[in-house]
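Just so you know, we're using UniProt numbering here: the sequence shown kicks off at 1 and counts up by one.
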Amino acid sequence: MLNFLFALLIAPILLFQQPNFRIERDIIKKATNDSLVVDAYLKIIKSFNPNQTDSIANYFNKALTYTKQNNYNQGETLVNFNAGKYSVNHGELSKAETYLLAALKTVDQKKNKSLKANILNNLGVVYGKRGDYELAMKNVLMSLKIFEDLKDNDGQTSSYIKLGVISRLNGDLKLAFSHNDKAEQINKKLKDKAYQIDILNNKAILYAMQGDFDNALKMFQAGYDIAEKGGLSFISSKVNCLMNIGLVYKEKGQYEKALEYLQKSAEEAEKGNLPNERIRNQLNIALLYTDQNKFEASNDIALKTLVSAKKASFQDLVTETLDLITHNYKSLNDYKNALKYNEEFFAEENKLKNAQRDKEIADLQSTYDLKKAQEQVKLLDQLNQEAIDQRELMILLTVLGFLSMSVFAFYYFRIKKLHHEISLQRTLLIDSNEIKNKLFSIIGHDLRSAYNSTLGFLNLLKDGDLNKEEEELFIGKVITQSQSALETLDNLLMWGHSQIKGTKITTAVFEAGVEVQKNIAFLKDQFLAKQISIEISDQCNVPIKADVNHFDFVIRNLLSNAIKFTPENGSIKISCSDYGQNQQKFCVADTGIGMTKEQINQIFNTDSKSTLGTSKEKGTGLGLMLSKEFIELNGGKIWTESELGKGSKFCFVLDKG
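Printed below as a string of structure tokens:
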């Protein structure tokens, strides 16, 4: 499919001008009106260049602290909303979601309907960029309903354009056309040129996806005509439309026309100081020659493009250009140069992937730091409240003479309670930091190690120097590494969901035996791989009252652990029995390596260390920690019995149905 240059999911971008803080800082120091202070903070933030991320983050934090200390909910909503928009535009999606959800929580549902709609619209952008199209569609539809009630044509047009993009990315082209038609109808009243260009580009892409290149050309040409009349303010749209027209002609096989428009787009990009688009056009022209089997002409341009892309630090363009140069040299049978540029391609591709991974980890870290800062602000608020309470205590003691002892006792216990709560908050912060360290340790070591090993095995397979027996051995190792990484990811996702959104319980009555058999079937390949026999008691066919998803997770995790630590030709037994009058006990016993007393004492803790299995299987320790949490949330308990060298038995109890 054509690689169209068009921003599909966008959020409003903060404009900036020359910084002039004196007036705004005076307002912050002297104003008694909360609205004026928040407005001053936002003006200072907008005066920064968008790339001054540290300064912008600092002022967002100052503004949020002010609104919280003064209980100014409307201001807190505005600051979180603007911080969310800024984070979206800089690709910090986790941070953006945190800010926008906080804004949605505090927005006045009656007085600020338009603001709520804009928050939902931006959340739709966040989820759309993540690829969660169902959630993106849900949020944008909610914002559209509010804009319709408010008869806000601008908001409706923006929402329909986003719905069109989401529908297209989700594969529903018919619905995408419908949303764009509705956006076009409403925009006839607005006569907004930027919206009209977006709509025409979206329709052009839809026509191209259906193979209707003639209509795609008409749409792109119409968008170009509008941008041409708009002058410098539409230079980016003008460049993009010219490039897209060239790409359509390339797809139609009309190479001279394609070259004409791509060169024109590059010239306009040069005039408009758009280096990314200029270099992208150079690469497209090189690709055009490759399509015509003019490999030497293609490389003449591609090598110059590579120099420009490196100089501008456009890593994605560097990688794409190296890939094209490698292909051209292979086609010319120049294998020496093909190998040279292929090695550079892999090095740059790894650099790009590492940069993306580092950005994702930094995004997670910043989101964690933001939540930690919010918790610290809450802690400071409690300390301030304690000081106020103490001052009130002294006033009451002076004024109310003979009641002093009773008042003193009342406030004494109240302050003691506050100290206790603060102590709990500090403990939670320490635990949170320990869990964070464990999370990044898993991401940085376990997952990275697994994928590095897998990549190494695949490179060996790709070279084709292995015999069939060696290939089967390495394929088995790739499967084992991938299963380990997948289990780690599943546990991380389950843990992350419980930490960020809290663990929800959906209690129901279900047959325990059915769920146990289902999980045995799911792990069948792992049993067979180590030739482990499995035995299940008939008493397990009993109704249980709990969350079936939690029960499945615990059973699957205990069975996985048993397989991991049981040697080949070993056995695993699942037994069930009554536990008191109203509970049922489930046990998973293995003939594995067992544990020491120290390991038993630490097995369910967050700081427990994972041990390699009998076949060198890896783990993270998250599974048993989550199992304990789920069992206790369902009103049960879990424990383990083990003896080193003789195997282990994990048991838990839940209410009968």
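Every residue gets a Cβ at the ideal spot worked out from N, C-alpha and C, and that includes glycine.
Whose C-alpha, out of the options, is nearest the C-alpha of residue i?
{"i": "residue 42", "options": "77, 71, 70", "result": "77"}
{"i": "residue 631", "options": "505, 88, 528", "result": "505"}
{"i": "residue 476", "options": "530, 507, 522", "result": "530"}
{"i": "residue 37", "options": "414, 59, 283", "result": "59"}
{"i": "residue 128", "options": "509, 154, 170, 507", "result": "170"}
{"i": "residue 141", "options": "121, 478, 183, 52", "result": "121"}
{"i": "residue 669", "options": "551, 341, 539", "result": "Any property of residue 669 remains undetermined from this structure, which presents the chain solely from 1 to 657."}
{"i": "residue 516", "options": "537, 209, 346", "result": "537"}
{"i": "residue 119", "options": "101, 218, 136", "result": "101"}
{"i": "residue 273", "options": "254, 326, 286, 235", "result": "235"}
{"i": "residue 568", "options": "584, 202, 592, 656", "result": "592"}
{"i": "residue 145", "options": "135, 263, 597, 159", "result": "159"}
{"i": "residue 252", "options": "228, 211, 226, 262", "result": "211"}
{"i": "residue 623", "options": "559, 580, 283, 585", "result": "559"}
{"i": "residue 332", "options": "299, 124, 245", "result": "299"}
{"i": "residue 347", "options": "67, 248, 328, 319", "result": "319"}
{"i": "residue 165", "options": "189, 147, 132", "result": "132"}
{"i": "residue 543", "options": "554, 528, 136, 582", "result": "582"}
{"i": "residue 67", "options": "106, 88, 53, 85", "result": "106"}
{"i": "residue 172", "options": "147, 139, 206", "result": "206"}
{"i": "residue 168", "options": "136, 185, 143", "result": "136"}
{"i": "residue 316", "options": "523, 65, 345, 269", "result": "345"}
{"i": "residue 130", "options": "421, 471, 79, 91", "result": "91"}
By the 10 Å Cβ neighbour count, where 16 or more other Cβ atoms means buried, how is residue i classified, buried or exposed?
{"i": "residue 176", "result": "buried"}
{"i": "residue 625", "result": "buried"}
{"i": "residue 238", "result": "buried"}
{"i": "residue 677", "result": "Because the chain here runs from 1 to 657, residue 677 falls outside it and cannot be looked at."}
{"i": "residue 220", "result": "buried"}
{"i": "residue 335", "result": "exposed"}
{"i": "residue 339", "result": "exposed"}
{"i": "residue 642", "result": "buried"}
{"i": "residue 152", "result": "buried"}
{"i": "residue 117", "result": "buried"}
{"i": "residue 271", "result": "exposed"}
{"i": "residue 32", "result": "exposed"}
{"i": "residue 508", "result": "exposed"}
{"i": "residue 566", "result": "buried"}
{"i": "residue 652", "result": "buried"}
{"i": "residue 459", "result": "exposed"}
{"i": "residue 533", "result": "exposed"}
{"i": "residue 405", "result": "exposed"}
{"i": "residue 525", "result": "exposed"}
{"i": "residue 586", "result": "buried"}
{"i": "residue 595", "result": "buried"}
{"i": "residue 156", "result": "buried"}
{"i": "residue 247", "result": "buried"}
Tell whether a beta-carbon distance below 7 Å holds between residue i and residue j.
{"i": "residue 562", "j": "residue 654", "result": "no"}
{"i": "residue 81", "j": "residue 63", "result": "no"}
{"i": "residue 297", "j": "residue 281", "result": "no"}
{"i": "residue 93", "j": "residue 126", "result": "yes"}
{"i": "residue 34", "j": "residue 70", "result": "yes"}
{"i": "residue 627", "j": "residue 557", "result": "yes"}
{"i": "residue 201", "j": "residue 223", "result": "yes"}
{"i": "residue 673", "j": "residue 258", "result": "The shown model of the chain, from 1 to 657, leaves out residue 673, and the question about it has no answer."}
{"i": "residue 584", "j": "residue 656", "result": "yes"}
{"i": "residue 180", "j": "residue 197", "result": "no"}
{"i": "residue 350", "j": "residue 314", "result": "no"}
{"i": "residue 279", "j": "residue 309", "result": "yes"}
{"i": "residue 650", "j": "residue 588", "result": "yes"}
{"i": "residue 284", "j": "residue 262", "result": "yes"}
{"i": "residue 139", "j": "residue 123", "result": "yes"}
{"i": "residue 204", "j": "residue 194", "result": "no"}
Along the chain, which unbroken stretches of the alpha helix (DSSP H) at least 4 residues long are found entirely within the segment 231-309?
If we require 4 residues or more, the alpha helix (DSSP H) runs fully inside the segment 231-309 come out as 235-252, 255-271, 275-291.
At what residue ranges does the segment 621-646 contain a whole run of the alpha helix (DSSP H), taking only runs of 4 or more?
Entirely contained in the segment 621-646, the alpha helix (DSSP H) runs reaching 4 residues are, in chain order, 622-633.
Any alpha helix (DSSP H) of 4 or more consecutive residues that is wholly inside the segment 107-181:
When DSSP assignments are scanned along the segment 107-181, the uninterrupted stretches of alpha helix (DSSP H) that are 4 or more residues long and fall wholly within it turn out to be 113-130, 133-149, 153-169.
For the structure I just gave you, are there three or more beta carbon pairs, one from the segment 91-98 and one from the segment 64-77, closer than 8 Å?
As far as the Cβ criterion goes, the segment 91-98 does not touch the segment 64-77, which means the pair count is below three.
As an exercise, report each continuous beta strand (DSSP E) stretch of at least 3 residues that is fully enclosed by the segment 521-549, in chain order.
Those beta strand (DSSP E) runs which fall completely within the segment 521-549 and span 3+ residues are 533-536, 543-547.
Determine, using beta-carbon pairs with one atom in the segment 574-584 and one in the segment 597-605, whether at least three such pairs fall under 8 Å.
Cβ pair count under 8 Å is below three, so no.
Can you confirm whether the segment 311-326 touches the segment 283-301 when touching is taken to mean that 3 or more C-beta pairs between the two stretches lie within less than 8 Å?
Yes, they touch.
For the segment 20-100, which segments carrying the alpha helix (DSSP H) assignment without a break, of at least 4 residues, lie completely within its bounds, in sequence order?
The qualifying runs are 22-30, 34-47, 53-69, 73-89.
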